[in-house]
Amino acid sequence: MDDFEKNFQGKIDAEIKIEPKDWMPEKYRQTLIRQISQHAHSEIVGMLPEGNWITRAPSLKRKAILLAKVQDEAGHGLYLYAAAETLGTTREEMIDQLHSGQAKYSSIFNYPTLTWADIGAIGWLVDGAAIMNQVMLTRTSYGPYARAMVRICKEESFHQRQGFDILLTLSQGPDAQKNMCRDAINRWWWPSLMMFGPKDSDSTHSDQSMKWKIKRMGNDELRQKFVDMIAEQVKVLGMNLPDPDLKWNEEKNHYDFGEINWQEFWNVVKGNGPCNKQRLDARKKAWEQGAWVREAALAHANKVKLQTHKGTLEAA
Amino acid sequence: MSITCRKYYYGDIPDNNAGGNISPEKNKLSGNDWPLWEVFIRSKQGLDHKHAGSLHATNAQMAIENARDVYTRRMEGVSIWVVESKHIHASNPEEAGSLYDPANDKVYRYPAFYDLPDELKHM
Chain U
1 MDDFEKNFQG KIDAEIKIEP KDWMPEKYRQ TLIRQISQHA HSEIVGMLPE GNWITRAPSL
61 KRKAILLAKV QDEAGHGLYL YAAAETLGTT REEMIDQLHS GQAKYSSIFN YPTLTWADIG
121 AIGWLVDGAA IMNQVMLTRT SYGPYARAMV RICKEESFHQ RQGFDILLTL SQGPDAQKNM
181 CRDAINRWWW PSLMMFGPKD SDSTHSDQSM KWKIKRMGND ELRQKFVDMI AEQVKVLGMN
241 LPDPDLKWNE EKNHYDFGEI NWQEFWNVVK GNGPCNKQRL DARKKAWEQG AWVREAALAH
301 ANKVKLQTHK GTLEAA
Chain B
1001 MSITCRKYYY GDIPDNNAGG NISPEKNKLS GNDWPLWEVF IRSKQGLDHK HAGSLHATNA
1061 QMAIENARDV YTRRMEGVSI WVVESKHIHA SNPEEAGSLY DPANDKVYRY PAFYDLPDEL
1121 KHM
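The listed protein sequences correspond, in order, to chains U and B. Everything in the first sequence is counted per our numbering, starting at 1 for the first residue and increasing by one. Everything in the second sequence is counted per our numbering, starting at 1001 for the first residue and increasing by one.
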């Protein structure tokens, strides 16, 4: 370890944030660009399953709320892209990596939203799981990432509450609505647990990311926190989680839960989930069909600049 | 079931082949991103504008409108400044030592430096 790196690790150990112009190991920079850009992609792709229900929301109130939430997700994507750009990558490069399949986004968004209750389940479970990661990341070692996370977390709790509120309403409705609620919870529970990634014990290499304090808690620890929280909240809905092994463990002071279907997890990660192709196609289409808007806006701005310049010259 | 797992840095997102490689063929991209702007927001009258983040826009007007949408969706601001990022000049963190050194040895600039009699009130 050279002096630069020693100095760098010293700052990390002393909880001093790293800022864009500070010296950092190349691997730290690369890891962050990877993580932040993929996090950004997740926010942007995450708008698709929810956008699916904007026109079909059951009331004007629900529609306005969902619109606001999806707009927030776009904002979260932008905060994150901007944070990644401070590390020397470009927006165009990141988008290109998403479209080429080189960069991934969270697999949860490769599941379909079949009924209105799914919008509730996404807010409560998917955003709930995301918050676990994001709250941890407000203390991440890279300043711009941490600041983006603080902003995101402030907005994210509205998302989780609105999701729970949707399910609560359905759970108190007639049988058809109760069933919708139950069905959505059944379908989203396991994929939500998968959001935390593979088990820590299955990791074969030392975790540099922990040492650099990019990440500050293990996947298992975050997942357990999530299970403990949701297992209690589901009681308020008068519903059950689809896991026969879910049980309070007095000794550990945590809930025990069943084994995740890792086969399914790997399948979706590898691109064989129900909606992988559809999601990527939608992103590419939006980017390609928006190309003329981006070009026209730039051309217009340049024209105005030129005219102003000419005007100044004539006046002189 | 024999599956080897690799730990991912952020949740379920694979980190081995996925994004963020600043590759030599990077220049194949057109470099057509709109200019980058830094956004400063005054959260209420009487307070300073504070850096909120950055965004892309073709001109100042669009930068302000985008800043409104991105950074003030919940009444976070009453005034927005935008400036193209390329116009920001910053001090170099590696020179921080010598840059701030002259401020370091002048303790007499702080009120606590002066040991005054206790009878003296409100000074």
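We treat Cβ as the ideally placed atom computed from N, Cα and C, and that holds for glycine.
Taking a Cβ distance cut-off of 8 Å, strictly less, list which residues of the stretch 6–26 of chain U are near chain B, in chain order. For the stretch 6–26 of chain U, the residues whose beta carbon sits under 8 Å from a beta carbon of chain B are, in order, 19, 21, 22 and 23.
In terms of residue numbering, what span does the beta strand (DSSP E) encompassing residue 1083 of chain B cover? In the DSSP assignment, residue 1083 of chain B falls within the unbroken beta strand (DSSP E) covering 1079–1084.
Between the stretch 30–53 of chain U and chain B, which residues of the former have a C-beta closer than 9 Å to a C-beta of the latter? Answer in chain order: 30, 31, 32, 33, 34, 35, 36, 37, 38, 39, 41 and 42.
Would you kindly work out how many angstroms separate the C-alpha atoms of residue 233 of chain U and residue 1107 of chain B, rounded to a whole number? So the alpha carbons of these two residues sit roughly 56 Å apart.
Residues of chain U with CB closer than 8 Å to the CB of residue 1032 of chain B, please, in chain order. The contacting residues are 92, 294, 295 and 298.
Compare the C-beta of residue 1171 of chain B against all C-beta atoms of chain U and say whether one is closer than 7 Å. Any question about residue 1171 of chain B goes unanswered here, given that chain B covers just 1001 to 1123.
Between residue 291 of chain U and chain B, is there a C-beta pair that is closer than 7 Å? No, no contact with chain B.
Closest to residue 193 of chain U by C-alpha separation, out of U:16, U:278, U:246 and U:6, would be which residue? Checking every option, the nearest Cα to that of residue 193 of chain U belongs to U:246.
Would you list, in chain order, the members of the stretch 181–208 of chain U that have their beta-carbon closer than 8 Å to a beta-carbon of chain B? Of all residues in the stretch 181–208 of chain U, the ones placed with a Cβ closer than 8 Å to any Cβ belonging to chain B are 194, 195, 196, 197, 198, 199, 200, 202, 203, 204, 205 and 207, in chain order.
Are there 16 or more other CB atoms within 10 angstroms of the CB of residue 154 of chain U, so buried, or fewer, so exposed? Exposed, since its Cβ has fewer than 16 Cβ neighbours within 10 Å.
Leaving out five residues before and five after residue 238 of chain U in sequence, what residues of the same chain have Cβ atoms less than 8 Å from its Cβ? Answer for residue 238 of chain U: 171, listed in chain order.
Would residue 202 of chain U and residue 220 of chain U qualify as a contact pair, given that the criterion is a beta-carbon distance under 7 Å? The answer is no: Cβ separation not under 7 Å.
How would you list, in chain order, the residues of chain U whose beta-carbon sits under 9 Å from the beta-carbon of residue 1059 of chain B? Neighbours of residue 1059 of chain B on chain U, chain order: 297, 300, 301, 304 and 305.
Cutting at 8 Å between CB atoms, please list the residues of its own chain near residue 1082 of chain B, excluding the five before and the five after it. 1037, 1038, 1039, 1040, 1057, 1060, 1063, 1064 and 1067, listed in sequence order.
Cβ distance (whole Å) where residue 227 of chain U is taken to contact residue 107 of chain U below 8 Å: Incorrect: roughly 19 Å between the Cβ atoms, too far for contact.
CB contact below 7 Å: residue 1054 of chain B versus chain U: The C-beta of residue 1054 of chain B comes closer than 7 Å to at least one C-beta of chain U.
Rounded to the nearest angstrom, what separates residue 43 of chain U and residue 2 of chain U at their Cα positions? Going by the C-alpha atoms only, they are around 37 Å apart.
Residue 1123 of chain B classed as buried or exposed, judged by whether at least 16 other C-beta atoms fall within 10 angstroms: Burial call: exposed.
What are the start and end residues of the beta strand (DSSP E) that includes residue 1040 of chain B? Residue 1040 of chain B -> beta strand (DSSP E) spans 1036–1042.
Closer than 7 Å to chain B by CB, residue 104 of chain U: So yes, residue 104 of chain U belongs to the interface.
At least one CB of chain B closer than 7 Å to the CB of residue 75 of chain U: is that the case? At least one chain B Cβ lies under 7 Å of residue 75 of chain U.
Check whether the Cβ atoms of residue 197 of chain U and residue 1101 of chain B sit closer than 7 Å, and answer yes or no. No. Outside cutoff.
Can you name, in chain order, every residue of its own chain whose Cβ lies under 6 Å from the Cβ of residue 84 of chain U, other than the five neighbours on each side? Result list for residue 84 of chain U: 33, 36 and 37, in chain order.
Would you mind telling me which residues of chain U sit closer than 9 Å to residue 1073 of chain B, beta carbon to beta carbon, in chain order? For the C-beta of residue 1073 of chain B, the chain U residues within less than 9 Å are, from N- to C-terminus, 68, 71, 72, 75 and 155.
For chain B, is any of its Cβ atoms less than 7 Å away from the one on residue 100 of chain U? The beta carbon of residue 100 of chain U sits no closer than 7 Å to any beta carbon of chain B.
DSSP on residue 1110 of chain B, reduced to helix/strand/coil? In the three-state reduction of the DSSP assignment, residue 1110 of chain B falls in the coil class, being assigned neither a helical nor a strand state.
Answer yes if the stretch 110–127 of chain U comes into contact with the stretch 48–57 of chain U, meaning at least three C-beta pairs across the two stretches below 8 Å, and no otherwise. Because the criterion of three Cβ pairs below 8 Å is met, the stretch 48–57 of chain U and the stretch 110–127 of chain U touch.
Tell me where the alpha helix (DSSP H) around residue 1100 of chain B begins and ends. Its alpha helix (DSSP H) spans residues 1096–1104.
Just reading off the beta strand (DSSP E) that residue 1051 of chain B is part of, what are its end residues? The continuous beta strand (DSSP E) containing residue 1051 of chain B extends over residues 1049–1056.
Tell me residue 248 of chain U's beta-bridge partners as DSSP assigns them. When DSSP reads this structure, residue 248 of chain U sits in a beta bridge with U:255.
CA-CA distance, residue 243 of chain U and residue 188 of chain U? Note on geometry: alpha-carbon atoms of residue 243 of chain U and residue 188 of chain U lie some 12 Å from one another.
Name, in chain order, the residues that DSSP records as bridge partners for residue 18 of chain U. BP columns for residue 18 of chain U point to U:142.
Taking residue 191 of chain U as part of the alpha helix (DSSP H), name the residues at either end of that continuous run. Where residue 191 of chain U is concerned, the enclosing alpha helix (DSSP H) stretches over 175–194.
Anything in the stretch 107–138 of chain U with a Cβ closer than 7 Å to a Cβ of chain B? List those residues in chain order, please. So the close ones are 107 and 133.
Contact set for residue 1054 of chain B: own chain, Cβ-Cβ below 8 Å, skip 5 residues either direction: Here the set comprises 1036, 1037, 1038, 1039 and 1085.
Of the residues U:254, U:213 and U:91, the one placed nearest residue 11 of chain U, counting alpha carbons only: Looking at U:254, U:213 and U:91, the one whose alpha-carbon comes closest to that of residue 11 of chain U is U:213.
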